[in-house]
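In the order they appear, the protein sequences are chains A and B. Numbering-wise (the working numbering), the first sequence opens with residue 16 and increments by one. Numbering-wise (the working numbering), the second sequence opens with residue 16 and increments by one.
2 protein chains.
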Amino acid sequence: MTSRKHHAPHRRALPQRVSLVLQTAQLLREELQAGQWRDHLPGERELCERFQVSRPTMRGALEQLRREGRLDVAHGKRRRILAPRRCVASGSWAKTISLLSPVPLRSVPPFVLCWTDLLRAHLSREGFDLQFHVSQKCFAAQPASALAALVARGPAAVWVLLRSTAGIQRWFVEQQRPCLLAGTCAAGIELPSVDVDHRAAARHAAALLWRKGHRRAALLLPSGTYGGDTETEAGFREAFTASANDPGEPLVLQHDGSVAGVESCLDVALRPPQPATAFFVARTAHVLTVVTHLLRRGLRIPEDVAVISRDDDVFLEFLTPAVTRYVSAPEKFAQRLSQAAIQLARTGFAPRKPVRLMPAFVAGETV
Amino acid sequence: MTSRKHHAPHRRALPQRVSLVLQTAQLLREELQAGQWRDHLPGERELCERFQVSRPTMRGALEQLRREGRLDVAHGKRRRILAPRRCVASGSWAKTISLLSPVPLRSVPPFVLCWTDLLRAHLSREGFDLQFHVSQKCFAAQPASALAALVARGPAAVWVLLRSTAGIQRWFVEQQRPCLLAGTCAAGIELPSVDVDHRAAARHAAALLWRKGHRRAALLLPSGTYGGDTETEAGFREAFTASANDPGEPLVLQHDGSVAGVESCLDVALRPPQPATAFFVARTAHVLTVVTHLLRRGLRIPEDVAVISRDDDVFLEFLTPAVTRYVSAPEKFAQRLSQAAIQLARTGFAPRKPVRLMPAFVAGETV
DNA sequence: TCCTGCTGGTCATGGCACCTGACCAGTAGC
DNA sequence: GCTACTGGTCAGGTGCCATGACCAGCAGGA
């Protein structure tokens with residue numbers, strides 16, 4: 016209420032569940048501000064009685080206030096009330112949500128472009144403005160200074176991170192800035208995230224290739240430590256070792272993302288005496304490189320080599336032969352992302368639990 | 016809550032669950048009162064999309080309104096609006112700008128997707144809401160009824176038309192609805208429009224192919240009467256006849272847009288005794304089909320056949336060999352489009368003079 | 001010193017609202 | 001008649017919340 020009252024009377028455009036926890040937290044804040052209690056809060060059970068909610072709910076609300084720095088908690092003792100440190104005034108920039116990307120809008124893949132637009136549509140309906148920020152430097156090895164500059168320059172209620180590196184994620188955790196990953200967290204980091212379930216897709220693809228008789232199947236990924244790619248590799252290995260009585264190592268090829276890089280990777284994998292007979296390819300753009308390169312080498316698809324794409328984009332339909340792939344719904348992706356972003360913008364917190372969307376298998380002619 | 020309403024304005028003291036059904040019903044009531052819809056309500060599924068709730072929830076809300084006597088419902092037909100149809104406050108829908116497309120957002124090419132998002136960003140900053148409408152029927156031979164239904168259902172200050180047919184354009188001219196073409200006008204129609212200068216690109220490409228010695232160059236287009244494609248053909252012929260002392264007819268191949276259609280077109284063009292040695296291809300998606308089909312036939316690019324793409328999309332960079340093409344700036348496109356749209360929305364008029372953006376030639380390895 | 005009654009911390013269980021996807025039947029335009 | 005849309009219905013799954021129980025730390029009194 017404190018912040019909303021200062022805004023224009025913006026009626027909610029979308030029905031949404033209002034969690035009891037948030038309501039309770041808000042009521043507690045008001046009571047605190049009114050000076051209802053002096054030094055310590057009453058016990059949890061008494062508060063439950065007073066507000067007619069269950070203990071887990073009340074504890075959620077109290078935890079929220081603790082995170083805001085209004086309460087101090089110790090085992091066995093009642094919660095101490097702290098001086099209300101002026102919380103960040105949700106002023107002019109509370110209505111901006113920023114998206115950080117390593118590449119400009121015109122270069123992002125169609126799937127991402129699509130959910131970005133849907134996200135913007137959702138947010139705009141709720142009165143938020145989505146700003147697209149491009150910064151190469153933030154994706155370098157030492158992103159701290161670039162990130163600090165960026166955040167100072169374009170203040171936002173929430174940062175949505177695209178293709179974020181572990182370094183970026185760590186920075187946001189340390190700075191305690193509200194942020195949201197469009198992707199998967201790096202190892203050891205817990206941030207709210209939305210992503211396609213690449214692990215499941217990889218497992219399914221590897222099992223399929225195995226069933227089809229492929230014993231030399233390769234996974235082709237860009238190098239670098241993206242959480243989603245790590246998951247892909249894990250899923251691929253899982254299915255591989257589960258299928259084989261004598262699990263040989265599956266081939267995992269890492270390239271630098273350039274066309275030449277992908278080509279040389281392929282050439283290595285195809286070298287005798289044990290050439291790869293199947294490729295599971297991450298990133299749709301590289302599927303194009305793989306298919307055209309294989310065709311140029313005179314290999315037939317799928318007779319000589321099988322290809323499966325981990326992701327989907329419109330243009331894959333237009334390749335001949337049609338590419339076997341896993342498709343995800345951008346609408347769902349945008350929906351989950353916008354829900355989390357709005358919650359994060361309004362309350363400052365969002366559930367850490369990763370949201371994973373199950374992709375659908377689409378059979379093509381490349382297996 | 017019911018009893019509290021009779022009391023003095025007393026802020027809520029207890030947290031309580033508010034059912035989504037009730038919230039949705041309330042929002043529907045407000046939209047109805049604002050005159051958002053005329054005669055009938057949109058379908059349940061569309062409403063669900065709009066309000067981001069599930070069908071059971073939406074049905075609960077609709078049932079509530081039916082009990083209140085505001086709606087009449089019959090199986091198989093849309094819900095009829097009964098009650099006090101307030102006069103449409105023009106303010107309520109003057110802030111909506113609609114975009115009409117034959118294909119869903121997830122299927123439009125990246126370039127279009129990109130300027131769509133940029134357009135939405137511009138409009139949102141000016142307080143407009145961009146709605147994306149998909150309707151196959153409006154792109155059929157007799158679009159009148161479908162267009163009337165669409166326009167009645169989703170009122171908008173301006174309609175932005177994507178891949179519009181001559182029939183659609185004529186309807187908007189006749190109805191005198193404010194509209195704006197993202198594309199080129201059909202013959203004999205004058206509507207404000209923004210498009211890439213395809214004629215210039217085609218002329219340049221044809222001249223280039225001629226200089227390189229190609230005497231059997233083919234233009235590959237989807238069939239149908241799109242203004243932009245007509246311009247492309249005109250430009251291609253212009254350069255061809257200008258170059259040749261004895262102007263033979265340039266090959267113009269029309270296909271149905273499907274992969275198989277493109278393939279059979281190519282096979283025809285490559286047939287002896289005079290096989291085509293170069294293809295100028297409209298639509299990036301079909302460039303993929305062309306390149307992969309040629310490679311599968313064992314043809315070398317560019318040694319045996321040259322390929323030039325009229326348009327650009329991100330993914331063309333990832334083909335090997337890299338495709339020679341014409342690129343346009345989506346930022347410029349969106350900027351011109353939003354300027355015209357906002358002017359049209361605010362004043363009701365926009366200059367008829369077509370806006371044409373000059374594409375840039377990017378040399379690849381396919382010529 | 002032990003006991004008792006408070007405090008916060010944690011867990012398993014179950015109910016309920018809601019979401020998802022699917023299928024059916026009626027309607028309308030082609 | 002066919003197709004694409006409409007409303008009507010249902011089963012299965014998920015997430016939030018309530019309930020009640022148990023544990024561990026802290027205090028004060030017998």
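Just so you know, even glycine gets a beta-carbon here, dropped at the ideal spot from N, CA and C. What you are looking at is a predicted structure, and each value in this text was computed from that prediction instead of being measured.
- Of the other Cβ atoms in all chains shown, 16 or more fall within 10 Å of the Cβ of LEU303(B); this residue is therefore buried.
- Annotated as distal: VAL188(B) and LEU359(B), with beta-carbon spacing of 7 Å or more.
- Judged by DSSP in its simplified three-state form, LYS92(A) adopts strand.
- By the CB criterion at 7 Å, PHE126(A) and PRO374(A) fall outside the cutoff.
- Three or more pairs of CB atoms, one per stretch, sit closer than 8 Å, so the region 71-78 of chain A contacts the region 25-42 of chain A.
- DSSP places ALA181(B) within a helical segment (H, G or I) once states are collapsed to three.
- Of the candidates LEU138(B), ALA337(B), LEU120(B) and GLY379(B), the residue whose Cα lies closest to the Cα of PHE147(B) is LEU120(B).
- Secondary structure at VAL296(B): strand, using DSSP grouped into helix, strand and coil.
- In the displayed model, ARG340(B) falls within a strand according to three-state DSSP.
- Burial state of SER160(A) is exposed, judged by a 10 Å Cβ sphere holding fewer than 16 other Cβ atoms.
- Contacts between GLN151(A) and chain B, judged by CB atoms closer than 9 Å, are missing: the closest CB pair is about 17 Å apart.
- Listed along the chain, the chain B residues whose CB falls inside 8 Å of the CB of SER122(A) are VAL329.
- Put simply, of ALA164(A), ARG231(A), PRO237(A) and HIS137(A) the residue whose alpha carbon is nearest the alpha carbon of ARG178(A) is PRO237(A).
- Shown in chain order are the members of the region 273-296 of chain A whose Cβ falls below 7 Å from a Cβ of chain B: VAL274 and GLU278.
- Shortest Cα-Cα distance from ASP326(B) to any of PHE154(B), ARG298(B) and THR335(B) involves ARG298(B).
- Within the DSSP bridge table, the entry for ARG371(B) names ASP210(B) as partners.
- Chain B has no Cβ within less than 7 Å of the Cβ of VAL173(A).
- Closer than 9 Å at the C-beta level to chain A, one finds these residues of the region 337-352 of chain B: ALA337, ALA344, PRO345 and GLU346.
- Within 10 angstroms of the beta-carbon of LEU165(A) lie 16 or more other beta-carbons, which makes it buried.
- Segment contact: the region 276-283 of chain B against the region 208-228 of chain B, fewer than three CB-CB distances shorter than 8 Å; contact not assigned.
- By the 16-neighbour rule on beta-carbons within 10 angstroms, GLN190(A) is exposed.
- Chain B places no beta carbon closer than 7 Å to that of CYS200(A), leaving this residue out of the contacts.
- Contact between the region 244-260 of chain A and the region 213-224 of chain A is present: three or more C-beta pairs spanning the two stretches fall below 8 Å.
- Contact annotation, PHE294(B) with VAL322(B): C-beta distance approximately 5 Å; criterion of less than 8 Å satisfied.
- Shown here, ALA197(B) sits in a strand according to DSSP, grouped into three states.
- Of all alpha-carbon atoms in SER324(B), GLN350(B) and LEU195(B), the one lying nearest the alpha-carbon of PHE376(B) is that of SER324(B).
- Spatial neighbours of ILE204(A) in its own chain (CB-CB distance under 8 Å, excluding positions within 5 residues in sequence) are listed in chain order as ALA181, GLN184, ARG185 and VAL188.
- For chain A, the residues of the region 34-53 of chain B that bring a beta carbon within less than 7 Å of one of its beta carbons are LEU35, GLN38, THR39 and LEU42, in chain order.
- Judged by their CB atoms, ASP271(B) and PRO124(B) are not nearer to each other than the 7 Å cut-off.
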